[in-house]
Ligand SMILES: Cc1ncc(COP(=O)(O)O)c(C=O)c1O
């Protein structure tokens with residue numbers, strides 16, 4: 050019999066009852082160090098007092114009015130996001146994929162408004178992940194995403210991530226934009242090089258294309274800058290955000306320059322829930338923390354400590370953890386044994402992590418961790434590495 054909850058996830062048999070900071074407590078009272086953060090969402094940890102206060106204060110005042118009226122929290126958040134980025138304007142959504150889809154629609158509308166409606170194609174990259182709508186899976190083209198969901202939405206041409214020559218060769222007079230995750234998450238924590246990101250900007254300018262970055266996972270301080278692309282010194286024309294921006298409250302945002310958004314006039318796009326007063330109250334409280342002086346420096350500093358410790362781990366157990374990758378607190382360990390086994394073994398050691406492509410486990414702790422959390426995580430990783438290493442040696446001896 051099909052479960053009442055549609056079985057599209059192979060869920061771990063654990064349910065959490067409450068969270069505090071970097072820790073989650075399951076219904077049996079067991080404590081876990083949360084280096085999953087609900088897949089890079091709870092950027093300030095669980096039950097952050099400022100977020101709880103912002104949400105409860107707003108809950109007592111007003112939940113929802115629709116976008117038929119002004120929403121002061123939206124105006125404030127949009128002003129802060131544009132002041133802190135390349136963008137001039139923001140559309141708020143409920144989820145990541147809706148923010149990404151807004152970007153795709155904006156790209157098409159941009160060229161339509163310029164009298165070039167045949168320019169609608171978007172170059173995307175291998176191992177990409179942009180969400181689960183029909184257009185997002187058509188953009189990513191991964192077998193596991195598209196199988197059974199055909200016919201695929203037209204308009205996406207895929208090239209190898211990181212290969213600028215292949216990308217340039219894929220551009221035609223129908224190409225409108227290049228869409229890239231500057232730091233791929235689901236694909237296996239694969240950062241684009243600075244040269245690739247700079248090459249994308251130069252290529253977009255050369256061919257008159259829009260450059261569209263998906264920073265849904267890498268944005269809002271996760272890598273020690275507000276946005277990952279800042280490390281490369283380039284800016285996109287369009288960018289989607291979600292996950293960390295709401296600190297656990299469902300929220301996405303599509304940011305754009307005024308020039309990119311020329312087609313997005315009244316009536317062209319909409320959402321009932323996106324950017325409602327509850328979401329805005331929480332997101333403004335998240336930004337208060339992330340933009341506070343010293344916050345991003347602390348993320349960069351603690352991520353340096355974690356990066357170094359992971360280096361020692363890889364040196365000590367190369368057959369279990371063959372490589373460290375990523376940036377800031379969006380880190381990956383490529384595994385020798387199946388990554389699913391490692392995720393389970395770590396959970397038994399009270400450490401939560403997330404699997405990703407290329408047999409990688411993702412470490413996505415909240416941005417508020419300190420050295421004690423790093424030590425606790427490393428203790429669990431070392432215990433599991435020791436056990437798996439012993440098991441592989443025994444296996445080899447048999
Ligand atoms: C880079 C990236 N884009 C888009 C999405 C889709 O976001 P959502 O699941 O909120 O629709 C995700 C989610 O994992 C993501 O990591």
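Residue numbers (the numbering used here): 50 to 447.
Glycine included, each C-beta is placed from N, C-alpha and C at the ideal position.
Exercise for the section: Quick one: measure Cβ to Cβ for residue 271 and residue 379, integer angstroms, because I've assumed they're closer than 8 Å. Expected result: Taking the chain shown and counting its residues from 1, the one referred to as residue 271 is at position 222. Taking the chain shown and counting its residues from 1, the one referred to as residue 379 is at position 330. 5 Å between Cβ atoms; contact.
Problem - residue 71 beta carbon near ligand 1 (any heavy atom closer than 8 Å) - result: Here residue 71 refers to the residue found at position 22 when the chain shown is read from its first residue. False, no ligand heavy atom lies under 8 Å from that Cβ.
Practice task
Determine the DSSP secondary structure at residue 173, reduced to helix, strand or coil.
Solution key: The sequence position of residue 173 within the chain shown is 124, counting from 1. Residue state, collapsed to three classes: strand.
Practice task
Could you tell me if the beta carbon of residue 179 falls within a distance shorter than 8 Å of some heavy atom in ligand 1?
Solution key: One-based indexing of the chain shown puts residue 179 at position 130. Checking every heavy atom of ligand 1 against the Cβ of residue 179, one is found closer than 8 Å.
Exercise for the section: Taking residue 330 and residue 165 to be in contact with their CB atoms under 8 Å, please state how far apart those CB atoms are, rounded to whole angstroms. Expected result: On the chain shown, position 281 is the one that residue 330 refers to. On the chain shown, position 116 is the one that residue 165 refers to. 41 Å between Cβ atoms; not a contact.
Problem - Distance cut-off 8 Å: residue 112 Cβ against heavy atoms of ligand 1 - result: Position 63 of the chain shown, counting from 1, holds the residue named residue 112. No, the Cβ of residue 112 stays beyond 8 Å of every heavy atom of ligand 1.
Handout entry: Classification of residue 325 by the beta-carbon crowding that lies within 10 angstroms, buried from 16 upward
Key = Residue numbering aside, residue 325 sits at position 276 when the chain shown is read from its first letter. With 16 or more other Cβ atoms within 10 Å, it is buried.
Practice task
Compare the beta carbon distance of residue 327 and residue 298 with 9 Å and say whether it is the shorter of the two.
Solution key: The residue labelled residue 327 in the question sits at position 278 within the chain shown. The residue labelled residue 298 in the question sits at position 249 within the chain shown. Result yes, Cβ atoms of residue 327 and residue 298 sit closer than 9 Å.
Practice task
Assign residue 411 to buried or exposed, taking buried as 16 or more other Cβ atoms, counted over all protein chains shown, within 10 Å of its Cβ.
Solution key: As a first step, residue 411 is located in the chain shown; it is residue number 362 there, counting from the start. That one is buried.
Practice task
Could you check which residue in 68, 56, 89 has the C-alpha nearest to that of residue 413?
Solution key: Position 364 of the chain shown, counted from the start, is the residue given in the question as residue 413. Of 68, 56, 89, the residue nearest in Cα terms is 89.
Handout entry: Opening and closing residue of the beta strand (DSSP E) in which residue 67 lies
Key = Taking the first residue of the chain shown as 1, we reach residue 67 at position 18. First-last of the beta strand (DSSP E) with residue 67: 65 to 69.
Practice task
Grab the span of the alpha helix (DSSP H) containing residue 357 for me, first residue to last.
Solution key: Within the chain shown, the letter at position 308 stands for residue 357. From DSSP, the alpha helix (DSSP H) with residue 357 extends over 344 to 365.
Handout entry: residue 144 beta carbon near ligand 1 (any heavy atom closer than 8 Å)
Key = By one-based count along the chain shown, residue 144 stands at place 95. Relative to ligand 1, residue 144 has its C-beta within less than 8 Å of a heavy atom.
Exercise for the section: In the DSSP assignment, find the unbroken alpha helix (DSSP H) run with residue 158 in it and report its ends. Expected result: In the chain shown, counting from the first residue as 1, residue 158 sits at position 109. Membership of residue 158 in the alpha helix (DSSP H) is indicated by the continuous run 145 to 162.
Exercise for the section: Find out if the Cβ-Cβ distance for the pair residue 264, residue 228 is shorter than 9 Å. Expected result: Here residue 264 is taken as the residue at index 215 of the chain shown, counted from 1. Here residue 228 is taken as the residue at index 179 of the chain shown, counted from 1. In this structure, residue 228 does not lie closer than 9 Å to residue 264 by Cβ.
Handout entry: beta strand (DSSP E) segment containing residue 138, residue limits
Key = As a first step, residue 138 is located in the chain shown; it is residue number 89 there, counting from the start. Counting along the chain, the unbroken beta strand (DSSP E) around residue 138 starts and ends at 138 to 142.
Exercise for the section: May I have the straight-line CA-CA distance separating residue 220 from residue 206, to the nearest angstrom? Expected result: Taking the first residue of the chain shown as position 1, residue 220 is located at position 171. Taking the first residue of the chain shown as position 1, residue 206 is located at position 157. When rounded, the distance between both Cα atoms is 9 Å.
Exercise for the section: Give a single yes or no on whether residue 332 has its beta carbon closer than 8 Å to a heavy atom of ligand 1. Expected result: As a first step, residue 332 must be located in the chain shown, where it is residue number 283. It does not: the Cβ of residue 332 is nowhere closer than 8 Å to a heavy atom of ligand 1.
Exercise for the section: Flag this pair as yes or no: are the beta carbons of residue 181 and residue 204 separated by less than 9 Å? Expected result: Your numbering for residue 181 matches position 132 in the chain shown. Your numbering for residue 204 matches position 155 in the chain shown. The answer is no: Cβ separation not under 9 Å.
Handout entry: Contained beta strand (DSSP E) runs [length at least 3] in the region 209 to 249, N- to C-terminal order
Key = 224 to 229
Practice task
Compute every distance between the C-beta of residue 263 and the non-hydrogen atoms of ligand 1, then say whether any falls below 8 Å.
Solution key: In the chain shown, counting from the first residue as 1, residue 263 sits at position 214. Yes, the beta carbon of residue 263 sits closer than 8 Å to at least one heavy atom of ligand 1.
Problem - Status (buried if at least 16 other CB within 10 Å, exposed otherwise) for residue 419 - result: For the purposes of this step, residue 419 is taken as the residue at position 370 of the chain shown. Flag for residue 419 reads exposed.
Exercise for the section: Compute the minimum distance between the beta carbon of residue 147 and the heavy atoms of ligand 1, and state whether it is under 8 Å. Expected result: In the chain shown, counting from the first residue as 1, residue 147 sits at position 98. Yes, the beta carbon of residue 147 sits closer than 8 Å to at least one heavy atom of ligand 1.
Handout entry: Validate contact between the region 345 to 364 and the region 116 to 133 using beta carbons, cut 8 Å, 3 pairs
Key = no
Problem - Same chain only: Cβ atoms within 6 Å of residue 147, ignoring 5 sequence neighbours per side - result: The residue you call residue 147 lines up with position 98 of the chain shown. Excluding the 5 residues flanking it on each side, residue 147 has same chain C-beta neighbours closer than 6 Å at 301, in chain order.
Exercise for the section: Would you check whether ligand 3 has a heavy atom nearer than 8 Å to the C-beta of residue 237? Expected result: Ligand 3 is absent from the structure shown, which contains only ligand 1.
Problem - Closest residue to residue 478 among 307, 337, 85 (Cα-Cα distance) - result: For the chain, the structure presents residues 50 to 447; residue 478 sits outside this window and is missing.
Handout entry: Endpoints, the beta strand (DSSP E) within which residue 301 is located
Key = Translated into the one-based positions of the chain shown, residue 301 becomes position 252. Boundaries of the beta strand (DSSP E) harbouring residue 301: 301 to 305, taken from the DSSP string.
Handout entry: Span of the beta strand (DSSP E) around residue 288
Key = The residue given as residue 288 occupies position 239 in the chain shown. Residue 288 -> beta strand (DSSP E) spans 287 to 290.
Handout entry: Burial state of residue 173, where buried means 16 or more other Cβ atoms lie within 10 Å
Key = For the purposes of this step, residue 173 is taken as residue 124 along the chain shown, with counting starting at 1. The residue in question, residue 173, is buried, as its Cβ has 16 or more Cβ neighbours within 10 Å.
Practice task
Check each candidate in 399, 393, 370, 54 and name the one with the smallest Cα separation from residue 385.
Solution key: The residue labelled residue 385 in the question sits at position 336 within the chain shown. When only C-alpha atoms are compared, the closest one is 370.
Handout entry: CA-to-CA distance, residue 234 to residue 177, given in whole angstroms
Key = Residue numbering aside, residue 177 sits at position 128 when the chain shown is read from its first letter. Residue numbering aside, residue 234 sits at position 185 when the chain shown is read from its first letter. If you take the alpha carbons of residue 177 and residue 234, they lie about 8 Å apart.
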